[in-house]
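Chemist: Residue numbers (this note's numbering), protein chains in the order written: chain A, 43 to 300; chain B, 43 to 300; chain C, 43 to 300; chain D, 43 to 300. Backbone N, C-alpha and C define an ideal beta-carbon position, used for all residues, glycine too.
There are 4 protein chains.
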Amino acid sequence: MTRSGPPTIDLNADLGEGFGIWRLGDDEALLGVVTSANVACGFHAGDPVTMRRVCTAAVAAGVAVGAQVSYRDLAGFGRRFIDVPADELTADVLYQLAALDGIARSAGGGVGYVKPHGALYNAVVTHEQQARAVVEAVGAYDASLPVLGLPGSALLRIAGDAGLATVAEGFADRAYTAAGRLLPRSEPGAVIHGEAAVVERAVRMVTDGVVLAVDGTPVAVAVASVCVHGDTPGAVQLARAVRGALETAGVTVSAFAG
Amino acid sequence: MTRSGPPTIDLNADLGEGFGIWRLGDDEALLGVVTSANVACGFHAGDPVTMRRVCTAAVAAGVAVGAQVSYRDLAGFGRRFIDVPADELTADVLYQLAALDGIARSAGGGVGYVKPHGALYNAVVTHEQQARAVVEAVGAYDASLPVLGLPGSALLRIAGDAGLATVAEGFADRAYTAAGRLLPRSEPGAVIHGEAAVVERAVRMVTDGVVLAVDGTPVAVAVASVCVHGDTPGAVQLARAVRGALETAGVTVSAFAG
Amino acid sequence: MTRSGPPTIDLNADLGEGFGIWRLGDDEALLGVVTSANVACGFHAGDPVTMRRVCTAAVAAGVAVGAQVSYRDLAGFGRRFIDVPADELTADVLYQLAALDGIARSAGGGVGYVKPHGALYNAVVTHEQQARAVVEAVGAYDASLPVLGLPGSALLRIAGDAGLATVAEGFADRAYTAAGRLLPRSEPGAVIHGEAAVVERAVRMVTDGVVLAVDGTPVAVAVASVCVHGDTPGAVQLARAVRGALETAGVTVSAFAG
Amino acid sequence: MTRSGPPTIDLNADLGEGFGIWRLGDDEALLGVVTSANVACGFHAGDPVTMRRVCTAAVAAGVAVGAQVSYRDLAGFGRRFIDVPADELTADVLYQLAALDGIARSAGGGVGYVKPHGALYNAVVTHEQQARAVVEAVGAYDASLPVLGLPGSALLRIAGDAGLATVAEGFADRAYTAAGRLLPRSEPGAVIHGEAAVVERAVRMVTDGVVLAVDGTPVAVAVASVCVHGDTPGAVQLARAVRGALETAGVTVSAFAG
Numbered sequence: 043m044t045r046s047g048p049p050t051i052d053l054n055a056d057l058g059e060g061f062g063i064w065r066l067g068d069d070e071a072l073l074g075v076v077t078s079a080n081v082a083c084g085f086h087a088g089d090p091v092t093m094r095r096v097c098t099a100a101v102a103a104g105v106a107v108g109a110q111v112s113y114r115d116l117a118g119f120g121r122r123f124i125d126v127p128a129d130e131l132t133a134d135v136l137y138q139l140a141a142l143d144g145i146a147r148s149a150g151g152g153v154g155y156v157k158p159h160g161a162l163y164n165a166v167v168t169h170e171q172q173a174r175a176v177v178e179a180v181g182a183y184d185a186s187l188p189v190l191g192l193p194g195s196a197l198l199r200i201a202g203d204a205g206l207a208t209v210a211e212g213f214a215d216r217a218y219t220a221a222g223r224l225l226p227r228s229e230p231g232a233v234i235h236g237e238a239a240v241v242e243r244a245v246r247m248v249t250d251g252v253v254l255a256v257d258g259t260p261v262a263v264a265v266a267s268v269c270v271h272g273d274t275p276g277a278v279q280l281a282r283a284v285r286g287a288l289e290t291a292g293v294t295v296s297a298f299a300g
Numbered sequence: 043m044t045r046s047g048p049p050t051i052d053l054n055a056d057l058g059e060g061f062g063i064w065r066l067g068d069d070e071a072l073l074g075v076v077t078s079a080n081v082a083c084g085f086h087a088g089d090p091v092t093m094r095r096v097c098t099a100a101v102a103a104g105v106a107v108g109a110q111v112s113y114r115d116l117a118g119f120g121r122r123f124i125d126v127p128a129d130e131l132t133a134d135v136l137y138q139l140a141a142l143d144g145i146a147r148s149a150g151g152g153v154g155y156v157k158p159h160g161a162l163y164n165a166v167v168t169h170e171q172q173a174r175a176v177v178e179a180v181g182a183y184d185a186s187l188p189v190l191g192l193p194g195s196a197l198l199r200i201a202g203d204a205g206l207a208t209v210a211e212g213f214a215d216r217a218y219t220a221a222g223r224l225l226p227r228s229e230p231g232a233v234i235h236g237e238a239a240v241v242e243r244a245v246r247m248v249t250d251g252v253v254l255a256v257d258g259t260p261v262a263v264a265v266a267s268v269c270v271h272g273d274t275p276g277a278v279q280l281a282r283a284v285r286g287a288l289e290t291a292g293v294t295v296s297a298f299a300g
Numbered sequence: 043m044t045r046s047g048p049p050t051i052d053l054n055a056d057l058g059e060g061f062g063i064w065r066l067g068d069d070e071a072l073l074g075v076v077t078s079a080n081v082a083c084g085f086h087a088g089d090p091v092t093m094r095r096v097c098t099a100a101v102a103a104g105v106a107v108g109a110q111v112s113y114r115d116l117a118g119f120g121r122r123f124i125d126v127p128a129d130e131l132t133a134d135v136l137y138q139l140a141a142l143d144g145i146a147r148s149a150g151g152g153v154g155y156v157k158p159h160g161a162l163y164n165a166v167v168t169h170e171q172q173a174r175a176v177v178e179a180v181g182a183y184d185a186s187l188p189v190l191g192l193p194g195s196a197l198l199r200i201a202g203d204a205g206l207a208t209v210a211e212g213f214a215d216r217a218y219t220a221a222g223r224l225l226p227r228s229e230p231g232a233v234i235h236g237e238a239a240v241v242e243r244a245v246r247m248v249t250d251g252v253v254l255a256v257d258g259t260p261v262a263v264a265v266a267s268v269c270v271h272g273d274t275p276g277a278v279q280l281a282r283a284v285r286g287a288l289e290t291a292g293v294t295v296s297a298f299a300g
Numbered sequence: 043m044t045r046s047g048p049p050t051i052d053l054n055a056d057l058g059e060g061f062g063i064w065r066l067g068d069d070e071a072l073l074g075v076v077t078s079a080n081v082a083c084g085f086h087a088g089d090p091v092t093m094r095r096v097c098t099a100a101v102a103a104g105v106a107v108g109a110q111v112s113y114r115d116l117a118g119f120g121r122r123f124i125d126v127p128a129d130e131l132t133a134d135v136l137y138q139l140a141a142l143d144g145i146a147r148s149a150g151g152g153v154g155y156v157k158p159h160g161a162l163y164n165a166v167v168t169h170e171q172q173a174r175a176v177v178e179a180v181g182a183y184d185a186s187l188p189v190l191g192l193p194g195s196a197l198l199r200i201a202g203d204a205g206l207a208t209v210a211e212g213f214a215d216r217a218y219t220a221a222g223r224l225l226p227r228s229e230p231g232a233v234i235h236g237e238a239a240v241v242e243r244a245v246r247m248v249t250d251g252v253v254l255a256v257d258g259t260p261v262a263v264a265v266a267s268v269c270v271h272g273d274t275p276g277a278v279q280l281a282r283a284v285r286g287a288l289e290t291a292g293v294t295v296s297a298f299a300g
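1) Should Gln110(B) go down as buried or exposed, given a rule of 16 or more other Cβ atoms within 10 Å for buried?
2) Hey, Leu280(B) and Val240(B) are a contact pair by Cβ (cut 8 Å); roughly how many whole angstroms apart?
3) At a Cβ cut of 7 Å, what residues of the region 182-215 of chain D count as close to chain B, listed as they run along the chain?
4) For Pro158(C), count the other beta carbons within 10 Å of its own beta carbon; 16 or more makes it buried, fewer makes it exposed. Which is it?
5) From Phe61(D) to Ala217(C), what distance separates their C-alpha atoms?
6) Just tell me which of Ser112(C), Gly205(C), Leu224(C), Arg147(C) has its CA closest to the CA of Leu136(C).
7) Across which residues does DSSP place Ile51(A) in a beta bridge pair?
8) Just list the residues that DSSP pairs Thr208(D) with in beta bridges.
9) Does DSSP put Tyr155(A) in a helix, a strand or coil?
10) Who are the Cβ neighbours of Gly150(D) in its own chain at under 6 Å, not counting the five residues just before and after it?
11) For Pro90(B), report the span of its alpha helix (DSSP H) as first-last.
12) Within 10 angstroms of its Cβ, does His169(D) collect 16 or more other Cβ (buried), or is it exposed?
13) Would you kindly work out how many angstroms separate the C-alpha atoms of Arg199(B) and Gly120(D), rounded to a whole number?
14) Helix or strand or just coil, what does DSSP make of Gly251(B)?
15) Are any of the Cβ atoms in chain D nearer than 8 Å to that of Phe298(A)?
16) On the DSSP bridge assignment, give the partners of Gln110(C) in chain order.
17) Taking Cβ-Cβ distances below 7 Å as the criterion, which residues of the region 119-132 of chain B are in contact with chain A?
18) Using only the alpha-carbon positions, how far apart do Glu63(B) and Asp89(C) sit?
19) Here's the rule: buried if 16 or more other CB atoms are within 10 angstroms of the residue's CB, otherwise exposed. What is Thr77(C)?
20) With a cut-off of 8 Å, does the C-beta of Gly62(B) fall near any C-beta of chain C?
21) Among residues of its own chain, excluding the 5 on either side of Ala173(C), which ones have a beta-carbon nearer than 6 Å to its beta-carbon?
22) Could you give the distance in angstroms between the alpha-carbon of Pro188(D) and the alpha-carbon of Ala210(D)?
23) According to DSSP, is Ala196(C) part of a helix, a strand, or is it coil?
24) From what residue to what residue does the alpha helix (DSSP H) around Pro287(C) run?
25) So the beta strand (DSSP E) Ala182(D) belongs to, where does it begin and stop?
26) Skipping 5 residues on each side, what residues in its chain have a beta carbon closer than 8 Å to that of Leu225(B)?
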């Protein structure tokens with residue numbers, strides 16, 4: 043893959059994933075690292091006070107706000123597939139997206155993109171009806187909003203067909219198959235450990251458009267955003283290291299969303 | 043009280059107060075009677091599918107959509123006072139208002155006003171902090187939105203002080219004290235029964251700006267909207283009778299919200 | 043199939059499926075018809091006040107109380123499959139079962155059996171892990187409680203293997219395949235309409251152990267309980283007709299649970 | 043106040059106050075310190091998996107399990123007063139108590155007492171109707187269960203009048219008024235800081251039955267349990283110090299509940 047000029051990449055992470063008294067992850071620290079914040083909208087996490095606080099902080103930090111929409115599942119943190127009929131899913135996504143956008147606008151910003159969370163993220167890789175339902179919600183709300191998702195997913199294909207902008211993302215800390223798909227978390231070696239390894243993969247993914255698959259073969263991955271995490275000890279430090287290495291390699295780290 | 047020209051009045055009712063499989067009231071019938079629909083926003087009632095359906099129907103019927111914001115209380119239908127701190131209440135109202143507005147806009151309309159529901163409605167008659175919290179949410183979202191509430195309430199006073207438009211409403215089926223306040227529901231005679239009595243009170247309230255208090259003294263009530271109900275057998279019929287009598291009396295029934 | 047002596051059958055129906063202000067079905071009327079009440083436990087329907095009221099009425103009517111356990115899904119009424127991990131499902135079922143049993147005991151009764159609701163009912167026909175999770179919860183709570191479900195289901199097989207009593211149920215208003223399974227609701231003709239047809243099927247199912255499949259072939263169905271419904275207009279009348287016809291045919295209608 | 047023989051005291055703390063993915067406090071560490079665990083029952087915190095895990099660990103550690111019942115308020119962590127009608131509160135408490143008891147019994151234990159949480163705890167100090175509602179639930183479920191609460195509260199008085207056993211608790215880290223009531227948290231100095239001060243107060247409260255009020259006057263406080271906390275950094279260490287000092291002072295630390 044050849045590229046002209048210095049590459050640019052977005053770094054995204056999940057933020058605002060507490061609820062009420064409970065906190066998860068270090069939102070403040072992540073806002074100093076990422077360029078896009080996937081903000082929970084109340085269905086798997088994210089009470090309105092948390093949403094307001096994170097939006098205000100993101101606006102202050104110049105970080106783009108994305109709607110991290112999910113199944114209605116506080117008890118399961120949105121990590122359990124729910125067989126929601128399409129019309130219900132469309133309405134649920136529309137509700138979450140509008141709520142976060144209103145809060146973000148009142149904080150001086152606005153939602154800049156949409157990214158499904160957890161089990162919904164995984165479902166819309168292949169589940170045509172749910173992918174279509176998400177796309178319909180975004181189109182109904184604001185057809186200028188890009189959709190962030192997995193390259194090759196039904197979601198990005200259907201979103202593109204519907205005229206929405208799409209943003210493909212990669213994972214520096216996840217193993218890929220030779221076909222360029224994520225190795226399921228249930229497989230051994232699915233998560234890459236070690237700062238050096240993750241950082242190297244992030245840089246190569248962004249500068250060369252290549253990642254080494256589990257069998258060692260180089261796989262082309264064209265991504266406009268790299269997902270980092272902030273919910274485990276050391277995660278923020280790892281995210282910082284990824285960003286630092288990208289910048290050292292001459293990559294411009296900036297948000298894709300206005 | 044002197045008025046120039048033929049009087050105009052808005053009729054408002056609560057709609058969309060089901061949740062999931064459950065329905066409450068006859069939304070479709072009410073849309074043929076009222077000019078303003080207070081649509082539940084998901085906290086005391088109103089799942090996103092219901093919200094979408096009601097907004098779509100309201101737009102089709104030319105009925106204004108209002109955000110019927112409430113405490114987070116599905117189990118209690120928002121009828122139980124909750125001592126929510128101001129910042130939480132502001133965020134909760136902002137969330138509900140934004141969610142409904144997004145759904146209404148995607149249906150070709152938009153939220154035209156805000157009316158608190160149930161125990162929150164009663165609380166903000168006197169509870170300064172909660173009234174202020176509601177006003178702050180409306181102002182933060184869209185300072186051009188009017189607030190609908192009880193004449194003489196802290197809510198309308200604080201909203202007016204904050205530069206929001208206010209709309210005072212009356213109740214044709216509720217008894218008033220000589221001081222012009224609603225007789226609490228716990229008091230005998232608090233609810234006026236009988237179509238003829240309710241209709242007569244509605245017409246006099248609108249055309250003369252007067253209602254007879256429980257002790258028989260006429261009380262001045264200046265209202266721009268009359269609240270009717272749709273959740274009991276016969277309620278829709280009563281609402282129709284009120285509207286019919288108002289029109290017969292030469293009153294123009296139309297929404298206050300654009 | 044030969045039987046000795048007059049046959050006995052249980053009639054079960056779902057009760058207590060309101061939530062807060064919302065009602066569904068006519069619990070009081072159904073208690074005059076059925077011998078077993080599947081009472082919602084709060085996860086798909088059934089707030090604690092409703093649970094108490096239904097248990098008290100069931101005890102007064104001499105109707106057995108069963109725990110109608112379900113996925114945590116008020117918005118979807120438990121009708122959406124949720125891919126809950128086994129340990130979470132076991133804990134969820136245990137929680138619901140214990141809560142209802144405590145309420146039923148405080149009303150002078152107690153839970154007499156367990157029946158999964160909605161999407162969980164359908165899932166445990168074939169989903170081994172979820173079926174095992176339900177069985178584990180029942181065994182952990184009270185291994186003397188029978189499990190009510192579909193003949194041939196994974197649930198009843200695993201429950202039997204675990205030493206639990208099992209109760210097979212039939213549906214007089216649902217079409218069966220020649221293999222003795224329920225025709226999916228998505229198929230045309232899945233629901234049998236017409237009181238005469240439903241009543242005839244109920245009587246033949248109970249007295250002969252036979253039901254006519256959609257292709258007309260007689261299929262053996264050995265059931266100890268017949269499920270009737272109460273959530274649609276005419277449903278209670280249909281349930282009454284089924285019971286009347288069974289009694290006229292010499293069948294004893296009584297609960298299987300003590 | 044004279045006492046015969048060496049004093050005995052119970053140490054209680056709130057446990058299981060996470061929900062789903064979220065954790066709060068260090069349950070495992072606290073189980074090594076306290077003799078009674080107030081376990082959240084799902085209404086302000088405590089999903090069924092967490093409840094099971096904490097009950098199993100408490101049984102293994104020989105710690106008594108109490109039902110920490112609360113308002114239905116996950117978003118507010120049960121810290122917001124809710125004006126719940128008495129019959130609803132009774133049913134809510136009964137539901138929570140039964141659910142936890144079933145889970146605890148399936149873990150080889152059982153609920154040994156009931157303690158209201160948060161805003162409900164504060165409400166039932168003076169709110170007669172809500173106190174009565176809680177007492178009614180406990181009596182309806184198991185009249186042999188003691189109720190843990192504030193000395194002088196309406197809850198303990200009404201529970202005693204109803205024939206329930208009552209257990210008065212003290213707070214070593216809270217300031218008392220000269221009248222023996224807790225100084226509201228909104229007042230300066232309401233929380234006692236410093237391990238030495240808290241430990242000294244705990245020992246004197248237990249061995250002498252006396253605590254120094256904010257104005258320096260000694261106040262008699264007869265308590266059978268001391269509440270310690272585990273949700274802040276250093277809290278577990280403080281709890282350990284309190285227990286150590288009590289034991290050094292010759293106090294037997296053991297649960298009041300069987």
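Modeler: Quick look at the numbers:
1) Stepping through the second sequence from its first residue, residue 110(B) is reached at position 68. It counts as buried.
2) Reading the second sequence from its first residue, position 238 is the one you call residue 280(B). Reading the second sequence from its first residue, position 198 is the one you call residue 240(B). Right, their Cβ atoms sit about 6 Å apart.
3) If the cut-off is 7 Å between Cβ atoms, the region 182-215 of chain D has nothing near chain B.
4) The residue labelled residue 158(C) in the question sits at position 116 within the third sequence. It is buried - the Cβ of Pro158(C) has at least 16 other Cβ atoms within 10 Å.
5) Within the fourth sequence, the letter at position 19 stands for residue 61(D). Within the third sequence, the letter at position 175 stands for residue 217(C). Looking at the two C-alpha atoms, the distance is approximately 42 Å.
6) Counting from 1 along the third sequence, the entry for residue 136(C) is found at position 94. Residue Ser112(C) is the option with its Cα nearest to Leu136(C).
7) Taking the first sequence and counting its residues from 1, one reaches residue 51(A) at position 9. Its beta-bridge partners are Val295(A).
8) For the purposes of this step, residue 208(D) is taken as residue 166 along the fourth sequence, with counting starting at 1. DSSP, once it has assigned bridges, lists Val189(D) as partnering Thr208(D).
9) Taking the first residue of the first sequence as position 1, residue 155(A) is located at position 113. Reduced to three states, the DSSP call for Tyr155(A) is strand.
10) Translated into positions along the fourth sequence, residue 150(D) becomes position 108. These residues qualify, in order along the chain: Val101.
11) Residue 90(B) sits at position 48 when you count from the first residue of the second sequence. Start and end: 90-103.
12) Within the fourth sequence, the letter at position 127 stands for residue 169(D). That one is buried.
13) Counting from 1 along the second sequence, the entry for residue 199(B) is found at position 157. Counting from 1 along the fourth sequence, the entry for residue 120(D) is found at position 78. Each residue's Cα considered, the two are about 31 Å apart.
14) Position 209 of the second sequence, counted from the first residue, corresponds to residue 251(B). Residue state, collapsed to three classes: coil.
15) As a first step, residue 298(A) must be located in the first sequence, where it is residue number 256. No, because no Cβ of chain D sits closer than 8 Å to the Cβ of Phe298(A).
16) Taking the first residue of the third sequence as position 1, residue 110(C) is located at position 68. Per DSSP, Ala82(C), Lys157(C).
17) Asp129, Glu130
18) By one-based count along the second sequence, residue 63(B) stands at place 21. By one-based count along the third sequence, residue 89(C) stands at place 47. Correcting the residue type first, residue 63(B) is Ile in the shown sequence and not Glu. Straight-line Cα distance between these residues: approximately 15 Å.
19) To locate residue 77(C), count along the third sequence from 1; it is residue 35. So Thr77(C) ends up on the buried side.
20) Taking the first residue of the second sequence as 1, we reach residue 62(B) at position 20. Yes, Gly62(B) lies at the interface with chain C (some Cβ there is under 8 Å from its Cβ).
21) Residue numbering aside, residue 173(C) sits at position 131 when the third sequence is read from its first letter. Val166, Ala196, Leu197, Ile200, listed in sequence order.
22) The count along the fourth sequence starts at 1 and reaches residue 188(D) at position 146. The count along the fourth sequence starts at 1 and reaches residue 210(D) at position 168. Whole-angstrom Cα-Cα distance: 10 Å.
23) Here residue 196(C) corresponds to residue number 154 of the third sequence, with the count starting at 1. Three-state result, Ala196(C): helix.
24) Taking the first residue of the third sequence as position 1, residue 287(C) is located at position 245. Per the sequence shown, residue 287(C) should be read as Ala rather than Pro. Per DSSP, the continuous alpha helix (DSSP H) segment holding Ala287(C) begins and ends at 277-290.
25) By one-based count along the fourth sequence, residue 182(D) stands at place 140. Careful: Ala182(D) lies outside any beta strand (DSSP E), inside the alpha helix (DSSP H) at 170-183.
26) Your numbering for residue 225(B) matches position 183 in the second sequence. If we look at Leu225(B) and ignore the five residues flanking it on each side, its Cβ neighbours are Arg216, Ala217, Tyr218, Thr219, Gly231, Ala232, Val256.
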